[in-house]
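The sequence shown lines up with residues 170 to 475 when you count with the working numbering. What follows is a single structure, written as structure tokens, with notes after it.
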Amino acid sequence: MTAFALDDPFDRSKSRVPGPGGLLRTAADSIPPSGLVLLAIVSVQLGAGFAKDLFHLLPPSAMVFLRIAAGALIITAVARPRLRGMTRRDWAVVVGFGGTLAVMNLTFYEALARLPMGIAVAIEFLGPLGVAVAASRRRLDLVWVLLAAGGVVLLAPWGQSSSVSWAGIGFALVAGACWAAYILLSAAAGQRFSGATGLSLAMVVSAVVIAPVGVTAGGADLLQPEVLLIGLGVGLLSSVIPYSLELQALRRMPKHVFGILMSLEPAVAAMIGLVVLGEILHLREWAAVICVVAASLGATRVRKKL
């Protein structure tokens, strides 16, 4: 997911001995910012691919709980958020942010259980595309809306055998709507909180919200050591690592360039699905993914000119 230009929670330049965050930042500084964004995209999609590959061990809701809980523990330990001085409005933003994160991840994983990765991400990407178009208000935006809509029409299983289901499309659309809300709430949290405080608190709220569903679905399997390690790995790949890389990239590149690179995410998801899960998309499905990527690129370029 797209991150925002918040203060760097891993900045420990004032310490005499650099910690793990400082070493990570030093290593990241040696990589071009565009490379950091691409690494972040690959990390997110690898995390999703590994999670989907393990749905036979844990249902999607349980895997989501493990991912969010692991990410919350790691980011909170690093960011060390402070609760003093928080107002009711601050808490409202945090709770709304956390609840959105929970629903977004749950519906996305449910979509993954029913759709190939590239298709699920392409449909979900309509959320941030909608935010970009809404911020523009140009007639040309209708082209990108129609192009993205055409991609969804191409994906729909119109009375024939397909790897796409209506239920999967529905879950992906809900995830996309939540992603749009996530972008707006993340911006609001960035204005109210310093560093990663808003994100870390939101992830804790998200873990609490998703816990009843995840624990009920996973049961005693969640306590198995190998399952806990899987959750830690997915949390690192899907949340901690990409967030850190995106944050470093945003420090060194314009936001519109960041947005253009992020538009490649559906295509990367399709490739990860092919390599990790053996998901082969048909020509019509690849055309749909390309439509969404092209619409996102167009909307991002338009937004740059405003």
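Cβ coordinates follow ideal geometry from the N, Cα and C atoms, glycine included.
- With a contact defined as Cβ atoms closer than 8 Å, PHE224 and ALA282 qualify at about 6 Å.
- Proximity to ALA389 across ALA371, LEU226 and VAL321 peaks at LEU226, based on C-alpha coordinates.
- A contact between stretches requires three or more CB pairs, one per stretch, nearer than 8 Å, and the segment 432-439 meets this requirement with the segment 448-465.
- Listed in chain order, the alpha helix (DSSP H) runs fully inside the segment 382-437 are 394-404, 410-419 and 424-431, counting runs of at least 4 residues.
- Boundaries of the alpha helix (DSSP H) harbouring GLU279: 257-281, taken from the DSSP string.
- Under the DSSP assignment, ARG253 falls outside any alpha helix (DSSP H); it carries neither an H nor an E label.
- Between the segment 312-319 and the segment 233-243 there are fewer than three C-beta pairs closer than 8 Å, too few to call the two in contact.
- In the DSSP annotation of this structure, GLU448 is not part of any alpha helix (DSSP H), being labelled neither H nor E.
- Taking the C-beta atoms as reference points, ALA344 is found no nearer than 9 Å to ALA358.
- Taking VAL445 as the centre and dropping the five residues before and after it, the same chain places the C-beta of GLY218 closer than 6 Å to its C-beta, in chain order.
- A straight line joining the alpha-carbon of SER199 with that of ARG421 spans about 12 Å.
- Looking at the backbone, the Cα of ARG253 and that of LEU416 are separated by about 25 Å.
- Per DSSP, reduced to three states, the secondary structure at VAL333 is coil, with no helix or strand assignment.
- The count of Cβ pairs closer than 8 Å, one atom from the segment 202-217 and one from the segment 375-395, stays below three, leaving the stretches out of contact.
- When secondary structure is reduced to three states using DSSP, LEU370 falls in the helix class.
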